[in-house]
Amino acid sequence: MDIIVCIKQVPDPEGPQDCFVINPEALRVEPRGIPPVLSLFDENALEAALRIKDACRDQDVKITVVSAGKKLSNAVLQKALAVGADELVKVEDAAFESGALDSYATASILAAAIRKIGRYDLILAGRQAADWNAGQVGIGIARFLDIPAVTLVRKIEIQEGHALLERVTADGYEAVKTPLPALVVASNEVGEMRYPTMIQRREAKKKPIVAWGAADLGREGELRNKLVLKRLFPAEMRKGECMLVEGKTPAEAGRNLARRLSQDGLI
Amino acid sequence: MVSSEGSVLIVTEVDKNQEILPISLECVTAGKRLAEALGGGTVALIMGAGVGEAAKEMTHYGVDEVCLVDHPDLTAYQPELYVAAFLQVCERVNPRAILMGDTLTSIDMAPRVAFALNTGLVTDCVAVEVSDGEVSFVKPVYSSNVMAAYTFASEPYVVTLRSRAEEAAERQETADAGVTPVDVKLDAASVRTEVLQRVVEEDAGPKLTGADIIVSGGRGVGGPEGFEQLKELADLLHAAVGASRPPCDLGWAPPKSQVGQTGEKVAPSLYIAVGISGATQHIAGMQSSKKIVAINKDPKANIFKIADYGVIGRWEEVVPALREAVSEIRK
Ligand SMILES: Cc1cc2nc3c(=O)[nH]c(=O)nc-3n(C[C@H](O)[C@H](O)[C@H](O)COP(=O)(O)OP(=O)(O)OC[C@H]3O[C@@H](n4cnc5c(N)ncnc54)[C@H](O)[C@@H]3O)c2cc1C
Ligand SMILES: Nc1ncnc2c1ncn2[C@@H]1O[C@H](COP(=O)(O)O)[C@@H](O)[C@H]1O
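This is the structure:
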């Protein structure tokens, strides 16, 4: 069983606002003082893959992580190997900068890389990348590879030649059956990715890392973007005049809060 | 007959009771502005089974035409059938732009449609801007810290609109548009992903959207027991219970209670945030609330920067006292 998980490297999305420095001329966001990390939802996707591996101990399950970008850090991506992925494929090119590629271009590059890897029963992607928040690449990959796609999946069970999935809906979930190979977009309800132990971190350094460039995919000089980024500007945040409600004890503060809200006609 | 070549196609969604979703009416507002800039008309599309009444209702909102795809195989959303039907409508209408609400359905459908049409897609758009005849689509990126404006290098433009980004179109007594039924050929046997079962999970209490008061919990609430306490407070206030992302991921709160960039966008009169740090992705979903209360033990928590009222303290001590006092007041 071959599983491929698509993981993007992004600047830590939880950094404070002033870390996301906008370069309006270059149309780039230049993160300051925040480290690159695995995109949050892609960790959910990897966790879903790891659970399949846990559940299919009697089988040979291989998890390959694919990441495309401009400068990818082994140290960051090795976290995926440390938690249990078996191999890392990095697809790097100066032109593959995150902001320079839209989802259409990214999906076509990742589909080309996955084709080159060749063996896949299941491909997993995250719900949206934590930098540009597009939420499209998974479905795009499926389209380019002409395989079925199921999105917002919180649970995966592999059976002979197909998978049973739980797909989150507005008022519950759907049980979906898909033939393999298929692409699955994991939902965050999968749950957080496990932590690697120190030993796993050390072992991860011995796991194979493959590095490909645009030329290896026959993809030099053409990006295929469908969107044109025109302008970047800071988001306006709400500013509150926070009135601190106090009390001798937190409980008293709680009671005072009720009084205050009632006086102001809010409850 | 559909004649509105080069128009803006507005995908209209209905709820279980065949009521048109507010977001679809917000799409009409954006769609009309977009159509004007592109020099075409607006076509609303309703797809489903037994949605004829909703289609008729849709003629009251100022669109030029309503397309109705009524087919027994479209009872519930199934991506392959819906996309197949949608692409057939596109062949007839030949739209220059396609607008959908940023709903759970369109999260799945919009990328499928865009890739099938070999075109681009802007998701979670918060502003459709027209300047000097050029239309651009603005969306939050980088944890909602940065706004990005896009144009398209391909057509049709496909865009999903965030709820509450536009005013809903108003209902008019007269209905100028006609309903055009569109026949589609669907082959249910060709479907690759089969839905075996649709499970409705019990959902007690008021819904987030439309709630006047929301009591929302974060990672600081510590577990499902904490959420039960929030529920008690919410019941007293006739409020809905919301959550930040971690409680939903960890199963302390149902997925649909998530508020934020990837959850519901809410705007109640009162939003009470308990044990929520105030990450930009959370704020993105609740900053339009009229008043915000923050209860957090960390005085430096970001949530206090956007809150109107704050209590610094452990919720375990603050919330029970708050609940008792509320129940006194409510007596
Ligand atoms: C692409 C992307 C999309 C995202 N979408 C969303 C989204 O839609 N919604 C969302 O909410 N998040 C979203 N997130 C996650 C977001 O970045 C934050 O991780 C999340 O909002 C943090 O949740 P929190 O405030 O509950 O947890 P934390 O940041 O861990 O904060 C917990 C807070 O609780 C306080 N606390 C702890 N114990 C107590 C106590 N006993 N009493 C009182 N206070 C206490 C702490 O001081 C702290 O401030 C997204 C992230 C990414 C990358
Ligand atoms: N450059 C990339 N490298 C690897 N995976 C990616 C990349 N970009 C997007 N993905 C995958 O596609 C998902 C959706 O991304 P997006 O459509 O860009 O929001 C992400 O959660 C990843 O799983």
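Residue numbers (the working numbering), protein chains in the order written: chain A, 21 to 287; chain B, 1025 to 1355. Glycine included, every Cβ here is placed at the ideal spot set by N, Cα and C.
Could you tell me if His1262 of chain B is buried or exposed, where buried requires 16 or more neighbouring beta carbons within 10 angstroms of its beta carbon? Label assigned to His1262 of chain B: exposed.
In chain A, which residues lie with their C-beta within 9 Å of the C-beta of Pro1164 of chain B? Within chain A, the residues near Pro1164 of chain B are Asn153 and Ala255.
Would you say Pro1278 of chain B touches ligand 1, meaning its beta carbon is less than 8 Å from a heavy atom? For Pro1278 of chain B, the CB stays at least 8 Å from every heavy atom of ligand 1.
From Ala1192 of chain B to Ile83 of chain A, what distance separates their C-alpha atoms? Their Cα atoms are separated by approximately 47 Å.
Give me the Cα-Cα distance between Tyr140 of chain A and Cys26 of chain A, rounded to the nearest whole angstrom. Each residue's alpha carbon lies about 12 Å from the other.
CB contact below 9 Å: Ser59 of chain A versus chain B: It does not: the Cβ of Ser59 of chain A has no partner Cβ on chain B nearer than 9 Å.
Is any heavy atom of ligand 1 found at a distance shorter than 8 Å from the C-beta of Val96 of chain A? It does not: the Cβ of Val96 of chain A is nowhere closer than 8 Å to a heavy atom of ligand 1.
DSSP on Arg163 of chain A, reduced to helix/strand/coil? DSSP places Arg163 of chain A in helix when its eight states are reduced to three.
Length of the line joining the Cα atoms of Lys1314 of chain B and Gly104 of chain A: C-alpha of Lys1314 of chain B to C-alpha of Gly104 of chain A: approximately 46 Å in a straight line.
Any non-hydrogen atom of ligand 2 within 8 Å of Arg26 of chain A CB: Note that residue 26 of chain A is Cys in the sequence shown here, rather than Arg. Answer for Cys26 of chain A: yes, Cβ within range of ligand 2.
Would Val1150 of chain B and Ala1189 of chain B qualify as a contact pair, given that the criterion is a beta-carbon distance under 9 Å? In terms of Cβ geometry, Val1150 of chain B and Ala1189 of chain B form a close pair [threshold 9 Å].
Suppose the cutoff is 6 Å on Cβ atoms and the five residues either side in sequence are ignored; what does the same chain contact list for Pro974 of chain B look like? Beyond the ends of chain B as shown, which are 1025 and 1355, falls residue 974 of chain B; an answer cannot be given.
Can you check whether the CB of Pro1292 of chain B is closer than 9 Å to the CB of Ala1331 of chain B? No, these two residues do not count as a Cβ contact at 9 Å.
Sequence-distant residues of the same chain with beta carbon closer than 7 Å to Arg1136 of chain B, five excluded per side: Listed in chain order, the non-local C-beta contacts of Arg1136 of chain B below 7 Å within the same chain comprise Pro1103 and Val1107, local neighbours out to five positions each way being set aside.
Residues of chain B with CB closer than 9 Å to the CB of Met263 of chain A, please, in chain order. The contacting residues are Ala1331, Asp1332, Tyr1333 and Gly1334.
Does any CB atom of chain A fall closer than 9 Å to the CB of Ala1036 of chain B? Before going further, note that residue 1036 of chain B is Thr rather than Ala in the sequence given. No, no contact with chain A.
Note down, in chain order, every chain B residue with its Cβ under 7 Å from the Cβ of Cys122 of chain A. A small correction: the amino acid at residue 122 of chain A is Asp; Cys does not occupy that position in the sequence shown. Those are Gly1144, listed as they occur along chain B.
I'd like the span of the beta strand (DSSP E) that includes Asp1097 of chain B, first residue to last. Careful: Asp1097 of chain B lies outside any beta strand (DSSP E) and carries neither H nor E.
Start and end residues, alpha helix (DSSP H) containing Gln98 of chain A: Gln98 of chain A -> alpha helix (DSSP H) spans Asn94 to Val103.
For Ile54 of chain A, I'd like the list of residues in its chain whose CB is within less than 7 Å of its CB, leaving aside the five on either flank, ordered along the chain. Counting only residues of its own chain and dropping the five nearest sequence neighbours on each side, Ile54 of chain A has a CB closer than 7 Å to the CB of Pro31, Asp32, Gly35 and Cys39.
Mind listing which residues of the segment 132-162 of chain A have their C-beta closer than 9 Å to chain B's C-betas, in chain order? Within the segment 132-162 of chain A, the qualifying residues are Arg147, Gln148, Ala150, Asp151, Trp152, Asn153, Ala154, Gly155, Gln156, Val157, Gly158, Ile159, Gly160 and Ala162.
In the DSSP assignment, what residue or residues form a beta bridge with Leu249 of chain A? Answer is B:Tyr1174, bridged to Leu249 of chain A.
If the cut is a Cβ gap below 8 Å, which residues of chain B does Phe40 of chain A touch? Residues of chain B passing the Cβ test: Tyr1166, Ser1167, Asn1169 and Val1170.
Collapsed DSSP secondary structure at Arg187 of chain A in the structure displayed: Strand at Arg187 of chain A.
Counting contacts by CB-CB distance shorter than 9 Å, is Gly1357 of chain B in contact with chain A? No statement about residue 1357 of chain B is possible, as the shown extent of chain B runs from 1025 to 1355 and does not include it.
Go ahead and pull the three-state DSSP assignment for Thr1143 of chain B. It is coil, neither helix nor strand.
Determine, using beta carbons only, whether Val96 of chain A comes closer than 9 Å to chain B. By this cut-off, Val96 of chain A is not an interface position.
Output the distance between the C-alpha atoms of Gly1284 of chain B and Gly1302 of chain B, rounded to the nearest integer angstrom. Cα to Cα, Gly1284 of chain B sits roughly 10 Å from Gly1302 of chain B.
Along chain A, in chain order, which residues have C-beta atoms closer than 8 Å to that of Gln1221 of chain B? Within 8 Å Cβ-Cβ: Glu194 and Ala195.
Burial state of Asn94 of chain A, where buried means 16 or more other Cβ atoms lie within 10 Å: Exposed: under 16 other Cβ atoms inside 10 Å.
Per DSSP, Val1038 of chain B is paired with what? Val1038 of chain B has B:Ile1044 as its beta-bridge partners, per DSSP.
Exposed or buried, what is Phe61 of chain A when buried is set at 16 or more other beta-carbons lying within 10 Å of its beta-carbon? The residue is buried, with at least 16 neighbouring Cβ atoms inside 10 Å.
Rounded to a whole number of angstroms, what is the C-alpha to C-alpha distance between Val1159 of chain B and Glu1256 of chain B? Approximately 48 Å between the Cα atoms of the pair.
Would you be able to state if there are at least three C-beta pairs under 8 Å between the segment 190-200 of chain A and the segment 1198-1217 of chain B? In short, these stretches touch, since the Cβ pair count reaches three.
Tell me which residues share the same chain as Met1025 of chain B and place their Cβ nearer than 8 Å to its Cβ, disregarding the 5 neighbours each side in the sequence. Confidence at Met1025 of chain B is low in this model, with a pLDDT of 44, below 50, so the placement of that residue is unreliable and no value is reported for it.
Using a 10 Å radius around the Cβ and a threshold of 16 neighbouring Cβ atoms, would you call Gln1221 of chain B buried or exposed? Exposed, because fewer than 16 other Cβ atoms sit within 10 Å of the Cβ of Gln1221 of chain B.
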